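Report on one structure; see the data block that follows.
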Amino acid sequence: MTGIELGLAVFAGMLALMALRMPIGVAMMVAGGGGFALIVGWTPLIAQLKSSAYYLFSSYSLTVIPLFLLMGQFATKSGLSRGLFGAANAWLGHRPGGIAMAAIGGCGLFGAICGSSLATAATMGQVALPELKRYHYSGALATGSLAAGGTLGILIPPSVILVIYAILTEQNIAKMFLAAFIPGILAAFGYLAAIAIYVRLYPEEGPAGPEHPLSEKLRSLIDIWPAMLIFTLVIGGIYTGVFTPTEAAAFGAAGTGLLAVAKERMGWQGLKECLLGAAEASAMIFLILFGAELFNGFLALTRMPDLLAELIGGSGLPPLMVLVAMLVLYLALGCVMDSLSMILLTIPIFFPVIMALDFGLTPEGTAIWFGVIALVVVEVGLITPPVGMNVFIINSMARDVPMLESFRGVLPFLISDGVRVVLLIAFPSITLWLVGFLG
Amino acid sequence: MTAPSSPAAPSDPVGAVLRRLSAALAVLGGLLLAGGAVLTVVSVTGRYLFSAPISGDVELVELAAGAAVAAFLPYCQVRGGNVIVDFFTAATSARARIRIDALHGLVFAFCAGLVAWQMALGGIDTYASNDETMVLGVPVWISYVVMVPAFGLLCLVCLHGAAIRLRHGVEPAGTAGATAE
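Taken in sequence, the protein lines are chains A and B. Number 27 in the working numbering belongs to position 8 of the first sequence; there are no gaps in the numbering. Number 67 in the working numbering belongs to position 29 of the second sequence; there are no gaps in the numbering.
As structure tokens, this is what we get:
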């Protein structure tokens with residue numbers, strides 16, 4: 020069996036195990052470890068296990084992940100979400116569909132201190148759902164906008180998945196975050212536009228809220244300064260190189276933790292809940308990282324990624340077609356798999372292929388641009404059936420809304436996502452401009 | 039995607055102990071992680087304001103966060119927090135799914151046990167060879183002191199979960215849901 024055949028066979032076997040409910044990290048471990056042993060024997064595999072977990076878990080560049088997750092947990096307990104939604108509501112609420120717009124705005128602001136989509140959707144849902152209901156918003160629009168708004172959590176830096184992409188592809192985290200900034204803002208405005216058009220078509224689904232006087236608008240800004248201060252410190256610190264990403268995440272965790280204590284009187288019980296929440300999310304990610312490391316070690320031995328890259332690079336296929344094919348595959352995978360697993364599974368194979376194609380950008384530009392587009396497309400899976408996790412979590416909070424309604428409510432946002440992906444592909448400068456300007 | 043409501047599980051003292059241990063270990067890991075964050079904040083503040091960073095802060099944070107991550111693993115498994123693809127098996131009966139999950143639990147237990155066993159040997163190696171961190175000379179084996187029991191506990195949690203599923207045909211208590219982001 021040649022390397023590429025063995026690689027494909029093991030890859031297919033791993034996908035089969037995953038389809039049969041084996042935890043994704045374990046399936047990667049079994050397939051990667053098994054394949055590795057088939058090539059170089061069991062003894063080196065077993066010997067490698069003596070220290071591989073130690074080196075992976077204790078690597079400084081990965082430490083940023085549990086710290087960002089802890090920061091997100093504290094942020095959800097800090098009571099900031101109320102102020103952020105309130106401010107967005109004061110400025111946007113009087114428009115048709117305004118309360119839903121405020122939910123999007125709140126999600127975008129919260130996304131600036133939280134790197135996870137589910138946490139953003141769930142936290143903002145707690146605050147915004149009662150308001151949306153009070154103003155008689157339709158279940159579809161209310162749950163749809165919150166589920167879609169949640170995806171801003173991971174698009175607007177900090178973003179756990181971008182950190183992992185940067186590590187996998189040896190890109191600079193600061194530049195990745197910079198690159199995601201404008202696409203993130205664009206996403207928020209795209210969602211606002213989607214709501215504006217939607218309520219023009221169906222005005223009864225999202226009535227305008229009351230107008231807030233200017234004094235109240237200005238006062239509402241006071242409530243968002245702690246969040247903006249933390250965002251500026253964390254992200255600004257990374258951009259300017261004052262902090263390493265790990266240091267910035269430590270500051271973020273400490274800052275949001277202090278806020279939770281000061282504003283919400285978080286005690287030992289609350290702290291324990293935050294630690295356990297961060298623990299569960301971190302363990303879930305690191306189990307997959309551990310499996311992915313074994314699997315990628317095996318893939319490298321088969322030379323499959325390199326051979327595939329040579330094959331596609333030399334085939335004369337139009338680069339754009341290859342890119343679109345990958346994105347379509349992401350959309351399909353997104354129907355059954357979570358975004359992190361998709362990135363870890365595909366990037367080691369896709370990335371060399373992308374880098375072997377000529378998109379008229381510098382190698383670094385190509386890497387950053389592809390990372391942001393992949394992130395956007397992968398996140399679409401969070402709001403599409405059958406396993407749109409964001410939709411599930413919001414729907415479970417709004418018990419009176421049928422699931423089908425929620426998925427219908429997501430539709431306008433999916434259209435907005437589609438438009439944005441086309442824009443990002445057509446104009447790489449949307450992604451790369453800020454990196455070039457500040458980087 | 040919550041676990042299907044199952045009949046009340048029979049009394050399960052072993053499971054209760056494993057759940058407590060896992061949660062306690064996770065909280066301990068969380069405190070290590072939070073401690074690492076505080077240490078970093080103090081060190082960076084010192085570096086910029088007083089040109090006096092804590093020497094070796096990076097390696098301490100690495101050790102703390104690494105041990106923390108390992109300590110989180112059993113708790114995540116207790117909570118059923120590890121990601122699975124349940125799309126293709128959604129149509130099968132709950133009984134069949136529980137059987138499949140039991141099987142995967144055994145595979146996971148084998149992997150975790152293998153890692154625990156090898157890491158115990160690896161830890162002894164680092165102890166014998168006096169492996170130390172670069173700046174402070176902290177012995178590396180202290181990290182293994184957390185990681186080896188963590189993988190061991192993970193192995194036990196998986197075995198216990200598989201046993202409950204096989205013997206009683208129900209999800210073990212404490213399982214919150216099967217899928218997460």
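The C-beta atom is built at its ideal place from N, Cα and C for all residues, glycine as well. Note that the structure is predicted; figures quoted are calculated from it, not measured.
CB contact below 8 Å: residue i versus chain B
i: A/VAL355; result: yes
i: A/LEU68; result: yes
i: A/PHE305; result: yes
i: A/ARG291; result: Going by the sequence as given, residue 291 of chain A is Lys instead of Arg. So, interface residue.
i: A/ALA31; result: no
i: A/LEU404; result: The residue you asked about is not Leu; residue 404 of chain A is Pro in the sequence shown. So no, A/PRO404 is outside the interface.
i: A/ILE387; result: no
Option nearest residue i by Cα separation, candidates the options
i: A/VAL420; options: A/LEU197, A/LEU160, A/ILE257, A/ILE434; result: A/LEU160
i: B/PHE125; options: A/PRO405, A/LEU348, A/GLU150; result: A/PRO405
i: A/ALA298; options: B/GLY68, B/LEU87, B/ASP95; result: B/GLY68
i: A/PHE456; options: A/ILE186, A/GLY384, A/MET48; result: A/GLY384
i: A/VAL341; options: A/LEU327, A/ILE257, A/GLY353, A/PRO202; result: A/LEU327
i: A/GLY125; options: A/VAL182, A/PHE104, A/ILE449, A/GLN67; result: A/PHE104
i: A/ALA207; options: A/LYS236, A/ILE173, A/LEU252; result: A/ILE173
i: A/LEU443; options: A/PHE389, A/VAL397, A/VAL429; result: A/PHE389
i: B/PHE110; options: A/GLY335, A/VAL253, A/PHE76; result: A/PHE76
i: B/GLU170; options: B/SER131, B/VAL123, B/LEU98; result: B/LEU98
i: A/LEU181; options: A/GLY203, A/GLY168, A/ALA166; result: A/GLY203
i: A/ILE254; options: A/PRO232, A/ALA215, A/GLY117, A/PHE196; result: A/PHE196
i: A/GLU224; options: A/VAL261, A/TRP287, A/GLY428; result: A/GLY428
i: B/ALA132; options: B/GLY212, B/VAL208, B/ALA106; result: B/VAL208
i: B/ASN77; options: B/VAL96, B/ARG135, B/VAL65, B/ALA61; result: It should be noted that the sequence gives Leu, not Asn, for residue 77 of chain B. It is B/VAL96 whose Cα lies nearest to the Cα of B/LEU77.
i: A/PRO115; options: A/TYR74, A/GLY51, A/GLY400, A/ARG219; result: A/ARG219
i: A/GLN145; options: A/MET416, A/GLU424, A/TYR74, A/ILE304; result: A/MET416
i: B/LEU101; options: B/MET172, B/LEU194, B/GLY190; result: B/MET172
Cutoff 8 Å: residue i Cβ touching any chain A Cβ
i: B/SER43; result: Model confidence at B/SER43 stands at a pLDDT of 45, short of 50, so the residue's coordinates are unreliable and nothing is read from them.
i: B/ALA211; result: no
i: B/GLU219; result: Caution is warranted here: a pLDDT of 29 is assigned to B/GLU219, below 50, making its placement in the model unreliable, and the coordinate value is therefore given only provisionally. With 8 Å as the cut-off, B/GLU219 counts as an interface residue toward chain A.
i: B/ILE202; result: no
i: B/HIS198; result: no
i: B/GLY73; result: no
i: B/ILE122; result: yes
i: B/MET39; result: The predicted position of B/MET39 is uncertain, since its pLDDT is 39 and thus under 50; a value taken from the coordinates is nonetheless stated next. Yes, B/MET39 counts as interfacial toward chain A.
i: B/LEU174; result: no
i: B/ILE180; result: no
i: B/GLU170; result: no
i: B/ARG57; result: no
i: B/PHE126; result: yes
i: B/ILE92; result: no
Cβ distance (whole Å) where residue i is taken to contact residue j below 8 Å
i: A/GLY378; j: A/ILE402; result: Sequence inspection shows Phe at residue 378 of chain A; the Gly mentioned does not correspond to that position. Contact doesn't hold; Cβ gap of about 28 Å is too wide.
i: A/ILE249; j: A/ALA106; result: Actually they are not in contact, since the Cβ atoms of A/ILE249 and A/ALA106 sit about 15 Å apart, beyond 8 Å.
i: A/THR275; j: A/MET90; result: 5 Å
i: A/LEU57; j: A/LEU34; result: Their Cβ separation, rounded to whole angstroms, is 18 Å, which puts A/LEU57 and A/LEU34 out of contact at 8 Å.
i: A/GLU266; j: B/VAL82; result: 5 Å
i: B/LEU192; j: B/PRO91; result: B/LEU192 to B/PRO91, Cβ: 35 Å. No contact.
Distance CB(residue i)-CB(residue j) smaller than 8 Å
i: B/GLY151; j: B/TYR182; result: no
i: A/THR162; j: A/ILE387; result: no
i: A/GLY22; j: A/MET247; result: no
i: A/ALA193; j: A/LEU451; result: no
i: B/MET185; j: B/ALA103; result: no
i: B/GLY53; j: B/ILE202; result: yes
i: A/SER97; j: A/LYS282; result: yes
i: A/ALA109; j: A/SER239; result: yes
i: A/LEU318; j: A/VAL59; result: no
i: B/ILE180; j: A/ARG40; result: no
i: B/GLY188; j: B/GLY143; result: According to the sequence displayed, residue 188 of chain B carries Ala and not Gly. No, the pair does not count as a contact, with Cβ atoms beyond the cut-off.
i: A/SER360; j: A/ILE43; result: yes
i: A/GLY310; j: A/MET47; result: yes
i: A/ALA269; j: B/ALA75; result: yes
i: A/MET136; j: A/THR170; result: The residue you asked about is not Met; residue 136 of chain A is Ser in the sequence shown. Their beta carbons are under 8 Å apart, which means A/SER136 touches A/THR170 by this criterion.
i: A/VAL440; j: A/ILE392; result: yes
i: A/LEU68; j: B/GLN156; result: yes
i: A/LEU128; j: A/LEU148; result: no
i: A/LEU99; j: A/PRO232; result: no
i: A/VAL211; j: A/ILE132; result: Checking the displayed sequence, the identity of residue 211 of chain A turns out to be Leu instead of Val. Their beta carbons are not under 8 Å apart, which means A/LEU211 does not touch A/ILE132 by this criterion.
i: A/ALA302; j: A/LEU86; result: no
i: A/ALA140; j: A/GLY112; result: no
i: A/LEU394; j: A/TYR217; result: no
i: A/ALA460; j: A/GLY117; result: This structure does not reach residue 460 of chain A, given that chain A is present from 20 up to 458, and the question cannot be answered.
Worksheet item: Along the chain, which unbroken stretches of the alpha helix (DSSP H) at least 4 residues long are found entirely within the region 32–113 of chain A?
Response: The qualifying runs are 43–59, 61–68, 71–76, 79–96, 99–111.
Worksheet item: Curious, which full-length alpha helix (DSSP H) runs of at least 4 residues does the region 47–88 of chain B contain?
Response: As far as the region 47–88 of chain B is concerned, its whole alpha helix (DSSP H) runs of at least 4 residues are 51–87.
Discussion item. For a minimum of 4 consecutive residues, which ranges assigned as the alpha helix (DSSP H) are wholly contained in the region 321–388 of chain A?
Written reply: 323–333, 338–353, 358–375
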